[in-house]
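Enquirer: Listed in order, the protein sequences are those of chains A and B.
Take 1419 as the starting number for the first sequence in my numbering and just add one per residue.
Take 1419 as the starting number for the second sequence in my numbering and just add one per residue.
Think of the CB as a built atom: it goes at the ideal place given N, C-alpha and C, for glycine as much as any other residue.
All values reported here derive from a predicted model rather than from experimental measurement.
Dropping the structure in here first, questions after.
Protein chains: 2
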Amino acid sequence: MLDQRRTVIEKVYPQLDGGLHPIKRVVGEYVNITADVFSDGHDVVACSVRYKHENAKKWKEVRMQPTENDAWQASFQIEKQGYYEYKIEGWVDHALNWQHGIERKIDDNQHVASELLEGIEYLKKIKKRATDAEKAYLEGLMVTFKEEVQYLHAVAEARSEKLHDLFAKYPDKFLANESEPLKIYVDRERARFSTWYEFFPRSAAEQSGVHGTFKDCERLLARVARMGFDILYFPPIHPIGEVNRKGKNNTTEAQKGDVGSPWGIGSKHGGHKDIHPELGTVEDFKNVVNKAKELGIEVAMDFALQAAPDHPWVKEHPEWFKWRPDGTVQYAENPPKKYQDILPIYFESKDWKNLWKEMLDTALYWVEECGINVFRVDNPHTKPYYFWGWLIAEVKKKHPDVLFLSEAFTRPKVMHQLAKQGFTQSYTYFTWRNSKHELIEYVEELTKTDQQYFFRPNFWPNTPDINPWALQSGNEATFLFKYFLAATLSSNTGVYGPVYEQMVHEAVPGKEEYQDSEKYQVSHWDWNVENKLSALMTKINHIRKGHASLQQTSNVQFLSVENDELIAYYKFDDSRQDETIMIVNLDPHYNQSGWVQLPLGELGVHQGHQVRVEDLVTGSSYVWDKEWNFIELPPALPFHLFKVHK
Amino acid sequence: MLDQRRTVIEKVYPQLDGGLHPIKRVVGEYVNITADVFSDGHDVVACSVRYKHENAKKWKEVRMQPTENDAWQASFQIEKQGYYEYKIEGWVDHALNWQHGIERKIDDNQHVASELLEGIEYLKKIKKRATDAEKAYLEGLMVTFKEEVQYLHAVAEARSEKLHDLFAKYPDKFLANESEPLKIYVDRERARFSTWYEFFPRSAAEQSGVHGTFKDCERLLARVARMGFDILYFPPIHPIGEVNRKGKNNTTEAQKGDVGSPWGIGSKHGGHKDIHPELGTVEDFKNVVNKAKELGIEVAMDFALQAAPDHPWVKEHPEWFKWRPDGTVQYAENPPKKYQDILPIYFESKDWKNLWKEMLDTALYWVEECGINVFRVDNPHTKPYYFWGWLIAEVKKKHPDVLFLSEAFTRPKVMHQLAKQGFTQSYTYFTWRNSKHELIEYVEELTKTDQQYFFRPNFWPNTPDINPWALQSGNEATFLFKYFLAATLSSNTGVYGPVYEQMVHEAVPGKEEYQDSEKYQVSHWDWNVENKLSALMTKINHIRKGHASLQQTSNVQFLSVENDELIAYYKFDDSRQDETIMIVNLDPHYNQSGWVQLPLGELGVHQGHQVRVEDLVTGSSYVWDKEWNFIELPPALPFHLFKVHK
């Protein structure tokens, strides 16, 4: 192909799968762009990042600066939600090249009268775009460059900073090249910083043995707010299937009075757009959502695309399910296991377009009718990826504030693909990362590889499905430091609340499941209990709210501590106004001590200068004037959360 | 976008810049393809690589095998020159999924009568494509699957290998996904394996003081062939400019009788399509080319796109050069340096399309008129990249056998871009890599990173432009091992011959340039000289011809030797029929000894079993029965080239 351009633009980052998927940001964040830009020969090359919001008409431009080895970088700040595009523009800058050449010749004592004449060509070009004052200056220069008597003055002007800046201001992008535009999807800030609390509405009653209601949930909102949570997530609130309903502890035969799993959705009382009658009415639900909003809490709904055998869809849309040659409907299975209370949606159905539309309508219903802006999506990895890509995009087109949390605990590439298809946040393997080595390795993978651009982790120490081995001992220190790690390593964090606060830990023997799980029965909790754990969770949550360094995840840097039971890390906000250092004792039983290395370079502190670190949990302060500092942490309070004062 | 497909295909490798550039291969080589392929849920996924030559109508298919973590791999062999395309196809394989599920249920002692009925659906589908024998089998199965009395037989057949193979043979690619096609450019084998010899035709005369001619060159062909070289490269053979001609040792004022630099092309005698009169006629040149062919040697021409001030182009096409405001034509410069004997071509010219066409015509002229199939391109990095992309593609469209060697000794990304634009081979930094660490690091970069797919190195220990520091001592051992390293690390290798063989090493003081360089004067060589160095170069070249492991570059694996002056590496051909181990003493002055680790795993040899290594240079054999083996190498013969016999 005939192409006269001379500049090559390559390796534009960040970039996902050749631009197939957008990178993610929230409003206010910066995007740091790098690229290789170079031309043939020795001429001076210049390049810019150009970017625009999807609704803007004009591209903005920021000049790139060379780093090394033909690489360049520039950054810009995101201002609005929605899609942005960015691309690189590169060109041989003949004016700057002329200035670069004449400087070298002048330094070499060459006579440059002829070069000055050449320069006039570039002055003429920029004059067309210059301000009046600049025009006057340029006209003066043109005269100077021509007149032998002014030679020394001309030489000084030719190499001047002032002229350099004018050439840079009005670049002549002759034969400029441009990279393919890449995309950014920008969310509201809560996509990056959120603190989730989960409980089962049916366990919210004050009295034991009574089925909780949305009215009970309303009562608990103040407590959730006081603890510093800002997203309250309810497991499904829809009618629960009665056919093949599960009994207590996941037994296949429900007894009379068994309430079933809320994930077995649909019965004669309705389906995904209906409310389980025992919880109340849709009006009651709206009241919870609205009262929560007043307290700064968003209610997150569960979006679980599956049906109980008595879900109305089964009769109304039999083609949305798979039917077997023996005339029965296909229930969920992962051979040899069977899940007879659940029918998977048949996404390969011929009627798939109507099916997709109904799923979208369901999500939009809750957004538009009840003001829901957050969905926790159940097992998204058992539904097609492109379905999610479409559904999330369609919801966000109308309601860009809506956030989607992916509940996919599965293989890494599957989890990543869901994030690429648009999930705002994702559950992670944090639940099973216990040792210092495991934690560092995993957090570095999340924050230092490409995952930082599309996979927003949400760290949960437990969920109703997962009672991890590490917590099954019931050891208080473990509950303390697991929550601390979740909430300070990751800016998105969540907890399956009452169970965690009260250190419930009895497991189904040999499994990471809760004994007498709330998934299959109504539980009763003392919601007035206040213990050390809940008090510290509250404290940590409030510290997060006041400290920008804890409101993002990718800014983490691990610090050296010469003790494998102590883990230490440093976080900072973009302006480095807020800097924190966390140190955690991972040993649930014994005091641990060691020397922690301060990140002097990052802190901009010279060796020997003093730093004051203030423990935001206890209020104590320490003055450190060495690079390595001694720390001892007991299991009774196994962490420091230091604010750095310089 | 509405898209019902379930399979995701990602990270298809090899892939360059998202498919912008083809990877490179030669006829007979394999391409090993890897990709991540996965679907939602637990269903069995299958995938294939599909590939075709540009002229083929049908795609060929090879099934991929899973490796780990949702990654798959497959490979295929290249059969023809030209472009190939390859892509991945992935689908949920419902038939294999059914078989996988029923196996698990049978193992779990579940009754699978209903599942057998389901299986009939898949039998019916493959029956349509099956052979008559297969059809009969399938019809039998359908009966068996339905009849309760045959249940045990049906169960055995359902999980049989035979049925599995039929499902794999006739996959039902319902909702299959496909990756974007990627390209391969395939060259003839010499692109990968070539041995270059360079001399100046004007120095080919038998008598001192006489300007050499093509007739003299003819005389030398037998010697070049005998030494085992297969490409004979001549610096430019065109008329040499007389205006601003360079004198001896690069002086700016030529004296009477000075012959000038052959890279200063063009005079009253003609330009790029003409022959320098003192060398002979175009017929003489054709004779050299044809006689060389008879001896298995291809003559490579220099393609140097620049002009002396008296080149005919300057008058005929003044718009192909840059003119300054003072009316003079722009000569080459890299401020403050000036090269007044050379005018660069002005690629930003408005007449660029005619200019490009003339450059292409020039290349085609030598290919079509004189049978030239190899070009060594001078300083390609001072001409636009896309120009080369176009020119090389246009030449190869008509003459796919033509090879281009890029003479770009410059920044890495610039060298890489030229290779991506289509250069067949590239000069490298080998010339300056001396220590064991430098050599290993550089060769690993060339062979273990993406560079292996597009950048074919050609290792030269010297060129007329480069008399490297390491050779300036004139030490024989250094000349010996530098050639050995070039010729055994890289399958493409070359040498600026007479100077190297005769260990000419005097340099311009403080520079890596030859004193009394042939670039500016006629030299006289004793072409009958046979020394140890030339004898060993000959031996090495002939060993290369007989050993497939030395005919490719990316197959190198470095071996551990506990001595920093000893470097050892293992090479093999695709079939592992030919395996060689090279060990080199990098110390020019002293014997060096150490223990070398045999790559037992690669060799497929168990610890304690015997291996015989035969030194192909000396003929000596050693029997090794340990993993670590003692080696001692003197500067007088500083290498082993072992053929491994098992």
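At the level of alpha carbons, what is the spacing between residue 2002(A) and residue 1608(A)?
Expert: If you take the alpha carbons of residue 2002(A) and residue 1608(A), they lie about 26 Å apart.
Enquirer: Please go through the same chain and pick out, in chain order, the residues whose beta-carbon is closer than 7 Å to the beta-carbon of residue 1861(A), but skip the five residues on each side of it.
Expert: Within the same chain, residue 1861(A) has close Cβ partners 1907, 1974.
Enquirer: Kindly list the residues whose CB is nearer than 7 Å to the CB of residue 1524(A), restricted to its own chain and excluding five residues on each side of it in sequence; keep chain order.
Expert: Result list for residue 1524(A): 1530, 1573, 1577, in chain order.
Enquirer: For residue 1570(A), which three-state DSSP category applies?
Expert: Looking at residue 1570(A) - three-state DSSP - the assignment turns out to be helix.
Enquirer: Tell me whether the beta-carbon of residue 1757(A) lies closer than 8 Å to the beta-carbon of residue 1751(A).
Expert: The answer is yes: Cβ separation under 8 Å.
Enquirer: Could you tell me which chain A residues have their CB closer than 9 Å to the CB of residue 1766(B), listed as they occur along the chain?
Expert: Here the neighbours are 1422, 1424, 1510, 1512, 1592, 1593.
Enquirer: If you drop the 5 nearest sequence neighbours on each side, which residues of the same chain put their C-beta closer than 7 Å to that of residue 2052(B)?
Expert: Here the set comprises 2009.
Enquirer: Would you list the residues sitting across from residue 1724(A) in a DSSP beta bridge?
Expert: According to DSSP, residue 1724(A) bridges with 1762(A).
Enquirer: Let me check understanding here. Comparing Cα to Cα, which of 2045(A), 1598(A), 1988(A), 2042(A) lies closest to residue 1436(B)?
Expert: Taking only the C-alpha atoms, the option nearest residue 1436(B) is 1598(A).
Enquirer: Go through its chain and collect everything with a Cβ distance to residue 1461(B)'s Cβ below 7 Å, but skip five positions before and after it.
Expert: 1510, 1515.
Enquirer: My parser needs the alpha helix (DSSP H) runs of 4 or more residues fully inside the stretch 1820-1905 of chain B; what are they?
Expert: The stretch 1820-1905 of chain B contains these whole alpha helix (DSSP H) runs: 1830-1838, 1854-1866, 1869-1872.
Enquirer: Considering Cα atoms alone, identify which of 1505(A), 1618(A), 1493(A) is closest to residue 1881(A).
Expert: Minimum Cα distance to residue 1881(A) is reached at 1618(A).
Enquirer: Note down the Cα distance separating residue 1502(B) from residue 1931(A), rounded to an integer number of angstroms.
Expert: Each residue's alpha carbon lies about 53 Å from the other.
Enquirer: Can you list, in chain order, the stretches of the beta strand (DSSP E) that have 3 or more residues and sit fully within the stretch 1488-1520 of chain B?
Expert: The qualifying runs are 1489-1495, 1500-1510.
Enquirer: I want to verify the contact list: residues of chain A whose CB lies under 8 Å from the CB of residue 1487(B), in sequence order.
Expert: Ordered by position in chain A, the residues that pass the 8 Å Cβ test against residue 1487(B) are 1829, 1830, 1831.
Enquirer: Less than 8 Å between CB atoms is the rule here; does residue 1742(A) satisfy it with respect to chain B?
Expert: So yes, residue 1742(A) belongs to the interface.
Enquirer: Whole angstroms are fine: how far does the CA of residue 1776(B) sit from the CA of residue 1374(B)?
Expert: Absent from the model: residue 1374(B). The displayed extent of chain B is 1419 to 2064, so no value can be given.
Enquirer: Which complete alpha helix (DSSP H) runs does the stretch 1620-1661 of chain A hold, if anything under 4 residues is left out?
Expert: Correct list: 1632-1644.
Enquirer: In angstroms, rounded to a whole number, what distance separates the CA positions of residue 1799(B) and residue 1863(A)?
Expert: The straight-line gap from Cα to Cα measures roughly 38 Å.
Enquirer: Give, in chain order, every unbroken run of the beta strand (DSSP E) that is at least 3 residues long and sits entirely within the stretch 1753-1813 of chain B.
Expert: Qualifying beta strand (DSSP E) stretches, in chain order: 1755-1757, 1792-1796.
Enquirer: On the premise that residue 1998(A) lies in contact with residue 2061(A), defined as a C-beta separation below 8 Å, what is that separation, rounded to the nearest angstrom?
Expert: Correct: roughly 6 Å between the Cβ atoms.
Enquirer: Whose C-beta lies closer than 8 Å to the C-beta of residue 1550(B) among residues of the same chain, with five residues either side of it excluded?
Expert: Closer than 8 Å at the Cβ level, and outside the excluded window around residue 1550(B), lies no residue.
Enquirer: If you reduce the DSSP assignment to three classes, tell me which class residue 1471(A) lands in.
Expert: Note: residue 1471(A) maps to strand in three-state DSSP.
Enquirer: Using 8 Å as the limit for Cβ to Cβ distance, is residue 1753(A) near chain B?
Expert: Yes, residue 1753(A) lies at the interface with chain B (some Cβ there is under 8 Å from its Cβ).
Enquirer: What residues from chain A crowd round residue 1482(B), counting only those whose CB sits closer than 7 Å?
Expert: Residues of chain A passing the Cβ test: none, with the nearest at roughly 15 Å.
Enquirer: Rounded to whole angstroms, what's the CA-CA distance from residue 1539(A) to residue 1754(B)? Just pull it up for me.
Expert: Cα-Cα distance, rounded: 21 Å.
Enquirer: Taking 6 Å as the limit between beta carbons, can you name the residues of its chain near residue 1986(B), skipping five residues before and five after?
Expert: Here the set comprises 1977, 1979, 2001, 2014.
Enquirer: What do you get for residue 2025(B), buried or exposed, if any count of 16 or more other CB atoms within 10 angstroms of its CB means buried?
Expert: Exposed.
Enquirer: Apart from the five residues on each side of it in sequence, which residues of its chain come closer than 6 Å, Cβ to Cβ, to residue 1813(A)?
Expert: Answer for residue 1813(A): 1781, 1820, listed in chain order.
Enquirer: Would you call the CB atoms of residue 1913(B) and residue 1901(B) closer than 8 Å?
Expert: Going by C-beta atoms, residue 1913(B) is nearer than 8 Å to residue 1901(B).
Enquirer: Can you tell me which of the three DSSP states residue 1703(A) falls into?
Expert: Correct three-state label for residue 1703(A): helix.
Enquirer: Could you pull the DSSP bridge partners for residue 1719(B) from this structure?
Expert: According to DSSP, which records beta bridges pairwise, residue 1719(B) is partnered with 1793(B).
Enquirer: Relative to chain B, which residues along the stretch 1768-1797 of chain A have a C-beta separation below 8 Å, given in chain order?
Expert: The residues in question are 1770, 1771, 1774.
Enquirer: Determine, using beta carbons only, whether residue 1651(B) and residue 1794(B) come nearer to each other than 8 Å.
Expert: Against a cut-off of 8 Å, the Cβ pair of residue 1794(B) and residue 1651(B) comes out as a contact.
Enquirer: Mind listing which residues of the stretch 1797-1826 of chain A have their C-beta closer than 7 Å to chain B's C-betas, in chain order?
Expert: Cβ contacts with chain B: 1799, 1800, 1801, 1802, 1803, 1804, 1808.
Enquirer: I need the boundaries of the beta strand (DSSP E) containing residue 2000(A), first residue and last residue.
Expert: 1997-2003 is the span of the beta strand (DSSP E), which, as asked, contains residue 2000(A).
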